[in-house]
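Read through the structure below, which is laid out as structure tokens, and then see the notes.
There are 2 protein chains.
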Amino acid sequence: MQDAQKRREPANYKVSRALGVAIVTGGYVPGAQLPGEFEIAEQMGVSRSVVREAVRMLAAKGLVESRPKIGTRVRERRHWSMLDPDLLEWMFESEPSEKFVRDLFALRMVVEPAAAEMAAQMRTARHLSEMGYALEKMAEFTLRVAEGQQADERFHAAILDATGNELIANLSASICAAVHWTTHFKVRRFGNPRDSLEEHRALFEAIANADGPAAREAAVVLIEHARRDTEVALATLQPDPSEKRVIVGAKKYEE
Amino acid sequence: MQDAQKRREPANYKVSRALGVAIVTGGYVPGAQLPGEFEIAEQMGVSRSVVREAVRMLAAKGLVESRPKIGTRVRERRHWSMLDPDLLEWMFESEPSEKFVRDLFALRMVVEPAAAEMAAQMRTARHLSEMGYALEKMAEFTLRVAEGQQADERFHAAILDATGNELIANLSASICAAVHWTTHFKVRRFGNPRDSLEEHRALFEAIANADGPAAREAAVVLIEHARRDTEVALATLQPDPSEKRVIVGAKKYEE
DNA sequence: GGACAAATATTGTCAGACAAGTAAATCGCA
DNA sequence: TGCGATTTACTTGTCTGACAATATTTGTCC
């Protein structure tokens with residue numbers, strides 16, 4: 001996001017993310033009980049007010065439920081706001097399950113072709129300009145670097161935006177997260193992922209030409225290819241715990 | 001929900017809903033500034049902590065953004081978590097704009113036919129049982145009473161659930177809200193809305209027969225009819241000031 | 001052994017204080 | 001007088017300590 005300025009992140013955000021990540025990555029399963037507010041406060045080195053505000057935020061996203069004397073418990077997954085940007089970000093803090101990635105692609109396959117068709121009818125010059133700019137950036141950089149990946153995401157977001165439908169545009173956070181993460185997979189596995197620039201261009205042209213059916217078909221082709229590539233990447237990515245998440249200059253702790 | 005017991009609703013929920021409704025119904029437009037925390041606390045008769053927790057919840061849903069010295073401001077609509085159950089409920093506290101209702105139907109038209117097709121492949125006996133039970137209830141009661149409406153919503157939720165896709169199932173809150181409120185519109189306008197039971201049954205049978213294309217088509221028909229009915233209801237619904245709603249809730253409740 | 005009542009632990013709410021951050025007003029200097 | 005640097009003031013951010021509400025658990029009495 002662009003609001004990653006140098007503003008110090010408030011403590012309640014940090015706490016809510018820490019708890020949120022712990023929950024969505026399975027540290028606390030649904031039904032499990034979180035530590036008491038005093039305990040969390042002590043562990044995190046903040047006051048109880050901060051913890052409470054953080055827990056309120058998690059409750060607003062449907063992650064937890066608090067009741068006096070009972071404590072705060074993790075709710076069933078179906079109550080989670082899975083499409084919330086924060087939640088998706090937290091999901092990808094650890095490697096999400098294969099099923100989750102598949103679900104994400106299925107969602108894209110439902111939403112994006114339809115959105116592309118709508119966008120072909122509703123797009124304005126501004127939308128085309130945004131998409132064209134993103135395409136240029138994608139060509140200039142590649143998917144291997146962050147700038148190119150961002151451009152890719154902007155392209156997809158612009159399509160959803162061009163539908164003129166607030167609710168569909170709201171799914172862009174989820175779609176972009178899917179694009180982002182699966183690209184990440186592919187780059188890690190193949191180093192140089194298959195170039196999908198032409199497929200993007202075809203989609204762009206169909207939208208520019210106001211050709212709805214062609215736009216839908218182009219989106220289907222694009223997503224299907226991306227899905228296959230990701231499938232291959234996932235299949236060949238062995239569950240190898242030895243090489244999990246090597247960070248630069250990581251220090252290892254022997255326990 | 002079944003957790004609507006007689007538990008007293010916490011104050012922070014009341015405050016967050018009051019503020020949330022005021023925001024999503026246009027009482028505070030994006031960019032506008034909310035009153036200070038002390039001021040809100042005084043107006044609502046609660047302490048500042050409660051107000052802060054409420055504002056944190058709104059921030060978690062993307063509605064507002066707070067910064068020291070600046071205050072708390074309403075964010076652009078595209079940042080709102082439009083598909084959040086609370087947000088949708090708040091939206092319908094006052095009559096939503098015609099465009100919003102249209103967007104909601106467009107979203108249904110994108111999601112539900114695809115979901116129906118997926119459900120035809122993935123549904124289990126449990127899902128069919130749930131759908132069948134809901135259909136029975138719809139027939140027993142009608143759409144004119146709450147029980148029948150709830151059954152209608154459960155039917156649609158069961159379809160999304162039957163896709164086996166967590167993310168798509170997550171849209172059920174939004175879809176059900178659309179079903180709920182548009183039904184509300186129709187009942188208020190016509191008293192006795194057109195019976196759509198047969199269309200529901202057709203959809204159910206297609207899913208039970210594992211006939212994907214038929215399920216998709218049945219869903220399209222169902223939604224298209226609902227859309228047309230709602231369109232008519234909206235067109236003939238003149239803005240009646242009789243049922244005007246008080247904007248920001250309440251200085252105080254008698255206890 | 002079972003029904004009722006008290007103890008208890010946890011969240012919910014309140015009040016007051018100080019810290020941090022930032023826009024606006026003020027001061028100082030050329 | 002004009003403009004930059006400084007101070008001020010106001011709002012959110014955080015901390016502390018206390019008490020209330022609530023529901024589980026335990027204890028008591030019949």
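Protein sequences, first through last, are from chains A and B.
The UniProt record's numbering applies: residue 1 is where the first sequence begins, and numbers increase by one.
The UniProt record's numbering applies: residue 1 is where the second sequence begins, and numbers increase by one.
Cβ coordinates follow ideal geometry from the N, Cα and C atoms, glycine included.
Computed from a prediction, not measured in an experiment: that's the story for all the values here.
- Identify each residue in the stretch 19-41 of chain B for which the Cβ-Cβ distance to at least one residue of chain A is less than 7 angstroms, and report them in chain order. none
- Task: Measure from the alpha carbon of B:Asn12 to the alpha carbon of each residue in B:Thr230, B:Arg227 and B:Ser47, then state which is nearest.
- Result: B:Ser47
- Task: Could you round the C-beta distance between B:Leu143 and B:Pro193 to whole angstroms and report it? I think they count as a contact, below 8 angstroms.
- Result: 6 angstroms
- Should B:Glu9 be labelled buried (16 or more other beta-carbon atoms within 10 Å of its own) or exposed? exposed
- Across which residues does DSSP place B:Arg73 in a beta bridge pair? B:Gln33 and B:Glu65
- Helix, strand or coil for B:Gly132 per DSSP? helix
- If you draw a straight line from the C-alpha of A:Gln43 to the C-alpha of B:Ala206, how long is it? 54 angstroms
- Item | Minimum C-alpha distance to B:Leu128 - residue among B:Phe141, B:Phe100, B:Leu104 and B:Ile159 | B:Ile159
- Query: Can you tell me where the alpha helix (DSSP H) with A:Val21 in it begins and where it stops?
  - Reply: Ala11 to Val24
- Item | Pairwise C-alpha distance: A:Ala22 and A:Val15 | 11 angstroms
- Message: One question on the structure: do A:Ala60 and B:Ala18 come within less than 7 angstroms of each other, judged by their Cβ atoms?
- Response: no
- Message: Contact criterion: CB-CB distance below 7 angstroms. Does B:Ala91 meet it with respect to chain A?
- Response: Residue 91 of chain B is actually Met in this sequence, not Ala. Cβ-Cβ to chain A under 7 angstroms: no for B:Met91.
- Message: Looking at chain A, is there any beta carbon in it that lies within less than 7 angstroms of the beta carbon of B:Ala11?
- Response: no
- Task: Run through the stretch 117-194 of chain A for me and flag every whole alpha helix (DSSP H) of 4 or more residues, listed as ranges in chain order.
- Result: 125-140, 146-162, 166-169 and 172-190
- Query: Span of the alpha helix (DSSP H) holding A:Val220?
  - Reply: Gly212 to Thr236
- Task: Would you kindly check if the distance between the Cβ of A:Leu34 and the Cβ of A:Thr72 is under 7 angstroms?
- Result: yes
- Task: Could you please tell me which residues of the stretch 143-156 of chain B, in chain order, have their CB closer than 8 angstroms to any CB of chain A?
- Result: none
- Item | Any 3 or more C-beta pairs closer than 8 angstroms across the stretch 119-136 of chain B and the stretch 177-193 of chain B | no
- Query: Going by the CB atoms, is the gap between A:Arg75 and A:Glu65 shorter than 7 angstroms?
  - Reply: yes
- Item | Neighbourhood of B:Glu130 by C-beta, 6 angstroms cutoff - its chain only, sequence neighbours within 5 removed | Ala158
- Query: For A:Tyr133, which option in A:Asp152, A:Val29 and A:Ala115 has the closest C-alpha, if you only look at C-alpha atoms?
  - Reply: A:Asp152
- With distances taken from CA atoms, which of B:Gly62, B:Ala139 and B:Met82 is nearest A:Asp86? B:Gly62
- Item | 8 angstroms contact criterion, which A:Val24 and A:Trp90 should meet: CB distance rounded | 5 angstroms
- Query: What's the C-alpha gap between A:His180 and B:Arg108?
  - Reply: 26 angstroms
- Cβ shell of A:Val220 (< 8 angstroms), same chain only, five flanking positions each side left out: Met109 and Pro113
- Under 7 angstroms between C-beta atoms of A:Arg216 and A:Ala162: no
- Task: Pull up the distance between the alpha-carbon of A:Ala125 and that of A:Glu166, whole angstroms please.
- Result: 18 angstroms
- Query: Just reading off the alpha helix (DSSP H) that B:Leu88 is part of, what are its end residues?
  - Reply: Pro85 to Met91
- Task: List the residues of chain A that B:Ile168 touches, going by C-beta distances under 9 angstroms, in chain order.
- Result: Asp103, Ala106, Leu107 and Val110
- Query: Is the Cβ-Cβ distance between B:Glu199 and B:Leu171 less than 7 angstroms?
  - Reply: no
- Task: Keeping to the same chain, check which residues put their C-beta closer than 6 angstroms to that of B:Ala218; ignore five residues upstream and five downstream.
- Result: Ala202, Leu203 and Ala206
- Give a yes or no on whether 7 angstroms exceeds the smallest Cβ distance from B:Ala60 to chain A. yes
- Assigned secondary structure, B:Pro241 (DSSP; H/G/I helix, E/B strand, else coil): Per-residue confidence for B:Pro241 stands at a pLDDT of 45, beneath the threshold of 50, marking its modelled position as unreliable; no derived number is given.
- Item | Residue closest to B:Ala106, alpha-carbon to alpha-carbon, out of B:Thr230, B:Ala235 and B:Gly45 | B:Thr230
- Item | Contacts that A:Thr114 makes with chain B (C-beta to C-beta distance below 7 angstroms) | Just to set this straight, residue 114 of chain A is Ala in the shown sequence, not Thr. Going along chain B in sequence order, the residues near A:Ala114 (Cβ under 7 angstroms) are Val110.
- Task: Would you please verify whether the beta carbon of A:Leu83 is less than 7 angstroms from any beta carbon of chain B?
- Result: yes
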